[in-house]
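I have placed the structure first, in the form of structure tokens, so that the comments after it can refer back to it.
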Ligand SMILES: [Zn+2]
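Numbering (the numbering used here), first residue to last: 38 to 168.
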């Protein structure tokens, strides 16, 4: 963050973007990441801005249960070779990123970013049809 900038958590913003929502419970929202690392990149985020260390075992366990369900859905829908799970610390969230052998393109290596051919709202639609 730079001086004079106001900070707004990306996860707090994303859980309010209804067109990328996939699933919701009292404590968690699942959404398609708007800037995906790969096809099928989803996020399971706590509905409140709470640090992973302060979330509590009961809430963390609920998140883990939803994570397990969506790992199964990612495997069924996308059939990846593997899955990366990333845990956000400042705002408890689990990223689920499907991976395939050779999925790093030359654009990523040369320009430092990746082109993903599936829109986040299409990812959300794929999951909604299977939840
Ligand atoms: Zn937040």
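C-beta atoms are modelled at their ideal positions from N, C-alpha and C, and glycine is treated no differently.
Between the options, which lies nearest to residue i when the distance is taken from Cα to Cα?
| i | options | result |
| --- | --- | --- |
| residue 33 | 123, 81, 69, 126 | No information on residue 33 is available, as it lies outside the stretch 38 to 168 that the chain covers here. |
| residue 73 | 168, 60, 138, 151 | 151 |
| residue 48 | 124, 166, 159, 135 | 124 |
| residue 168 | 139, 106, 85 | 106 |
| residue 71 | 50, 139, 149 | 50 |
I'd like to know whether the C-beta atoms of residue i and residue j end up nearer to each other than 8 angstroms.
| i | j | result |
| --- | --- | --- |
| residue 58 | residue 130 | no |
| residue 76 | residue 126 | no |
| residue 132 | residue 78 | yes |
| residue 95 | residue 46 | no |
Which residues does DSSP list as the beta-bridge partners of residue i?
| i | result |
| --- | --- |
| residue 83 | 65 |
| residue 134 | 121 |
What distance in whole Å lies between the Cβ atoms of residue j and residue i, which are believed to be in contact at a cut-off of 8 angstroms?
| i | j | result |
| --- | --- | --- |
| residue 157 | residue 69 | 4 angstroms |
| residue 110 | residue 164 | 6 angstroms |
| residue 100 | residue 83 | 7 angstroms |
| residue 136 | residue 114 | That belief does not hold up - the Cβ atoms of residue 136 and residue 114 are roughly 14 angstroms apart, past 8 angstroms. |
Check your reading: residues with Cβ closer than 6 angstroms to ligand 1 heavy atoms: 46, 48, 49, 86, 128
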